[in-house]
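Here the sequence shown stands for residues 0 to 779, where the numbers follow numbering that gives the first Met the number 0.
Where is the CB? At the ideal position from N, CA and C, for every residue including glycine.
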Amino acid sequence: MMASTSAAAECSVASSAPIGRRSRLSGFAAAAAAAAVAWLGPGAVAQAVEVRLCAPLATVVAAPAAPAGDKLLTADVAVPRDAPADLGVGAYVCDRDGHWFQRILPGALAPGRHRVEFPLGADELLTSEPNRALWLPDESQVSLRAGLFFYSASSSRATLAVDDLRVVADQPRGGAAPNVAIAHRLLETALDGMSGDGAAHIASGERWCLRAQPQPFPANPYDASEFSLDLVVTGPDGAQRRIAGFFQQPMAERDRGDREVLAPSGAGSFMVRFRPARAGHYALRLEARWRDGAVVAQALPDLVADGVSRQAYAAVDAADPRFFSLRSSGAADGAFWWPVGLNLHSPYDLRSRDALGTRLTPDRGSLVYDAMFDRLAAAGGDACEIWMSSWNVGLEWRSDWPGFQGMGRYNQGNAWKLDAILDHALARGIRVNLVINNHGQASANADREWKDNPWNSALGGPIDHPIDMFADPAALAGQERLRRYIIARYADHPAILGWKLWSEVDLTAARGEVAWRWHEQAAARWHALDGYRHPVTTHWAGDFRRVNPAVAVLPGIDYLCIDAYRHANANGAWRLLADILSDSTVYPGRGLAMYGKPILTTEFGAGSGASPEPCRLVDHLTGAWAALVSGHAGAPMLWWFEWVDQGERWQPFIAIRSFIGGEDLRGGRSAALDATPDDLWARCWVRQGRLLGYLLDRRWGADGSAHGEIAGATVTIGGQVGAGSLRLEWWNADSGELMSTREFYHPGGALALSAPTFARHIAFKLGRAESNDGAAGGTP
């Protein structure tokens with residue numbers, strides 16, 4: 000509301016005003032306080048505004064615009080004779096999200112005219128209400144609103160006059176004089192696990208943390224050129240590594256029912272996270288560097304790791320790089336892992352609501368994932384994909400969106416959510432394919448988000464076009480800062496499956512050599528910075544035919560992510576998903592198996608928009624089976640997670656998990672099988688002594704329509720199957736239950752198997768019987 004000279008300002012009541020005990024509002028808790036707000040409008044200076052007190056509620060008088068950085072608030076206040084005797088005044092600053100810091104003028108305002116002056120710079124002592132966060136230069140930079148507040152424990156409706164209220168840029172009050180050296184220190188250094196023997200203790204493979212407050216504190220704690228904190232660790236074997244620190248603002252979570260509410264809780268600080276790989280003593284040294292060249296090096300007590308690590312990291316398998324394994328901390332290889340999961344890109348999906356008619360999940364942040372992980376894990380799922388998008392857990396976006404601070408500053412609420420999500424995932428044995436950039440951020444055409452990207456010059460950023468995100472030096476430097484922060488904060492987490500650099504990068508502005516050069520540089524930097532060796536990938540839309548060969552072959556791209564959407568042709572016939580998945584590996588000249596890397600389909604489910612329900616359901620039921628026998632590194636991840644969850648369609652996860660339990664695909668190959676009748680799609684994964692097969696009714700697989708039972712089906716295992724005793728198992732592909740088992744002797748040569756009567760699809764296992772006499776050769 001606009002207020003003119005000598006006109007009484009209108010007041011409205013705003014809930015939860017952050018005026019707490021430190022403001023000497025005796026008897027009024029911060030959570031219960033309310034504020035009457037006199038809005039002075041956007042003018043440069045407010046003149047003679049009359050403000051009616053609403054005591055004992057606090058009365059807030061908002062100033063015109065406040066500059067970023069150090070500020071000075073001044074005003075003339077006229078207090079009438081009928082004002083309460085304990086009338087107090089303070090000044091506040093807050094950011095766009097309402098995080099509030101304040102300082103109080105000592106004593107009470109007696110009747111008469113007063114000139115009030117409040118330095119609100121980074122070096123001043125301001126307190127946060129109600130969460131006791133620490134006032135830091137970072138807060139000074141992002142606090143863009145300011146004003147006065149009046150308070151009293153007495154009931155009063157006296158009218159004050161506030162004149163010449165202004166907030167201007169100010170010089171730091173507590174800084175050193177010119178040419179005087181500033182003392183550089185690390186304050187309040189705290190180490191986890193300190194004990195009476197003078198060392199810190201942690202179990203091997205568990206997270207250990209260090210916290211410290213640098214002085215002077217950087218105005219931008221996310222810019223390593225302004226300040227960096229590194230932990231130099233010398234392990235029991237003498238190997239040395241450097242681990243970057245990062246700024247963290249602790250958050251308090253509250254479940255409001257319809258959404259997750261986060262608020263700063265306590266002082267922010269710099270933190271280093273480290274997980275020792277094996278037992279032993281680790282020597283620690285802390286190094287801090289400021290922009291002015293000052294360096295502080297500090298020896299720390301030893302860290303003692305005990306026991307054998309129980310944590311395992313997803314990795315490209317060393318023996319067969321087409322698959323993943325789970326390696327223990329520090330190990331070179333590990334146990335075979337074929338992930339089964341769902342694309343949980345966001346807490347909710349507008350596209351699913353609009354295309355499929357699902358209900359929109361309330362945006363309860365990490366709480367959505369906490370509950371979803373329970374259901375996924377109960378069905379046998381152990382993997383998912385999550386996007387660091389602007390509407391989920393992205394860290395950098397335009398400053399007028401809640402929680403974001405624009406280019407080069409990171410959303411601490413979202414950073415906290417991602418911490419919580421990874422912890423929830425690890426507790427259920429789930430690993431996250433983490434998408435760093437979603438394609439809309441660098442596209443003016445597909446899912447257009449370029450208009451909201453803070454790097455866009457239209458929003459004050461340094462670049463003019465989306466393609467500049469892949470080549471402009473300023474943009475690349477900004478990506479390096481973000482990359483450094485993400486790795487410092489999350490790379491130690493075993494719940495990370497891998498870093499996906501882009502979703503559907505072919506839908507961005509990057510093309511040809513630009514895309515290749517960007518991926519070469521970015522992948523190399525992820526590998527150089529990540530001491531925990533998480534694999535790196537990128538992703539293409541549509542299906543395997545859109546993969547950029549120059550990018551796919553890069554040594555820094557460890558696995559390949561694709562879509563497997565399908566559509567009806569001009570005659571209304573739908574292409575078979577099983578064909579798309581098998582072609583993606585073995586199609587002559589274009590199949591991705593030629594790269595010798597793991598292949599993951601991270602989006603599929605009939606069409607990418609509205610599609611017939613039977614088509615989507617049949618894809619959900621058949622996708623994992625077709626991928627298994629086609630040589631994919633894991634089950635495809637269906638995009639439509641709300642459709643799965645709200646319809647309780649978890650059975651396909653249970654079925655495939657039951658079938659592959661105890662199996663190892665390493666060292667094998669995909670092969671087509673001869674089958675009758677002709678409408679059967681038949682393929683297997685075969686390795687020495689073992690064969691996993693799958694039969695699918697093509698008619699049902701195409702559009703999900705019912706076609707009755709199939710009796711008398713025969714599948715032929717070509718080639719020379721070695722003589723000996725074999726064990727054949729038939730499995731129900733819908734339920735994941737073993738249907739029948741038969742052992743028999745095969746004299747050698749081609750082998751024909753008769754399938755039991757089945758509907759829709761069926762799976763089988765063929766292997767050497769335990770009673771086998773050791774006959775060798777051939778398949779299986």
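Pair within 7 Å by beta-carbon distance, residue i and residue j
i, j, result
"Tyr693", "Trp624", "yes"
"Glu259", "Arg363", "yes"
"Val714", "Leu765", "no"
"Cys683", "Val628", "yes"
"Phe658", "Ala378", "no"
"Arg274", "Gly204", "yes"
"Tyr312", "Pro493", "yes"
"Pro263", "Asn130", "yes"
"His533", "Ile495", "yes"
"Ala278", "Ala318", "no"
"Gly292", "Phe269", "no"
"Ala783", "Trp573", "In the structure as shown, the chain begins at 0 and stops at 779. Residue 783 is therefore absent and cannot be evaluated."
"Ala592", "Asp562", "no"
"Gln411", "Val141", "no"
"Leu500", "Ile420", "no"
"Pro597", "Arg321", "yes"
"Ala211", "Leu302", "no"
Cβ-based burial, residue i [other Cβ within 10 Å; buried from 16]
i, result
"Asn568", "exposed"
"Gly735", "buried"
"His760", "buried"
"Gln310", "buried"
"Ala43", "For Ala43, the pLDDT reaches just 42, beneath the cut-off of 50, and the residue's location in the model is therefore unreliable, leaving the point undetermined."
"Met193", "exposed"
"His566", "exposed"
"Leu737", "exposed"
"Leu56", "buried"
"Thr740", "exposed"
"Ala626", "buried"
"Thr756", "exposed"
"Leu124", "exposed"
"Ala490", "buried"
"Gln101", "buried"
Sequence-distant residues of the same chain with beta carbon closer than 7 Å to residue i, five excluded per side
i, result
"Leu481", "Leu394 and Glu395"
"Tyr409", "Tyr221, Leu394, Glu395 and Tyr484"
"Ala445", "His438, Gly439 and Leu506"
"Ala768", "Ser724, Leu725, Arg726 and Glu742"
"Asn413", "Val392, Gly393, Leu394 and Gly402"
"Gly748", "Gln719 and Val720"
"Phe372", "His423, Ala424, Arg427 and Ile429"
"Ser224", "Arg290"
"Val617", "Trp699, Gly700 and Gly703"
"Leu299", "Leu190, Leu283, Arg284 and Leu285"
6 Å Cβ shell around residue i - same chain, five flanking residues per side excluded
i, result
"Ala62", "Ala145, Gly146, Leu164 and Val166"
"Asp348", "Glu641"
"Ala31", "Caution applies to Ala31, whose pLDDT of 27 falls short of 50 and renders its modelled position unreliable; the model cannot decide the point."
"Phe27", "Legend: pLDDT at Phe27 = 28, less than 50; position of this residue unreliable, no value from coordinates given."
"Arg352", "Leu359"
"Gln478", "none"
"Thr233", "Gln239 and Ala282"
"Val398", "The question names Val, but residue 398 in the sequence shown is Ser. Gln404 and Gly405, listed in sequence order."
"Ala670", "Cys683 and Val685"
Residues near residue i by beta carbon distance below 8 Å, same chain, minus five either side
i, result
"Leu425", "His492, Pro493 and Ala494"
"Ala470", "Val513, Arg516 and Trp517"
"Asp442", "Checking the displayed sequence, the identity of residue 442 turns out to be Ser instead of Asp. Excluding residues within five positions, the ones whose Cβ falls inside 8 Å are Glu448, Trp449, Pro465, Leu506, Thr507 and Ala508."
Beta-carbon separation (whole angstroms), residue i vs residue j, contact threshold 8 Å
i, j, result
"Leu230", "Leu283", "6 Å"
"Ala160", "Glu49", "6 Å"
"Phe603", "Leu575", "Rounded, the Cβ-Cβ distance is 13 Å, inconsistent with contact."
"Asp733", "Ala609", "About 26 Å; that fails the 8 Å criterion."
"Phe335", "Leu664", "7 Å"
"Thr58", "Phe149", "5 Å"
"Glu519", "Leu553", "6 Å"
Check your understanding: Touching or not, the region 511–528 and the region 454–465, by the rule of three or more beta carbon pairs under 8 Å?
Key -> no
Check your understanding: So does the region 74–85 actually touch the region 107–114, counting three or more Cβ pairs closer than 8 Å?
Key -> Segments in contact, yes.
Exercise for review: Decide if the region 662–679 is in contact with the region 699–716; the criterion is three or more beta carbon pairs, one per stretch, under 8 Å apart.
Suggested key: yes
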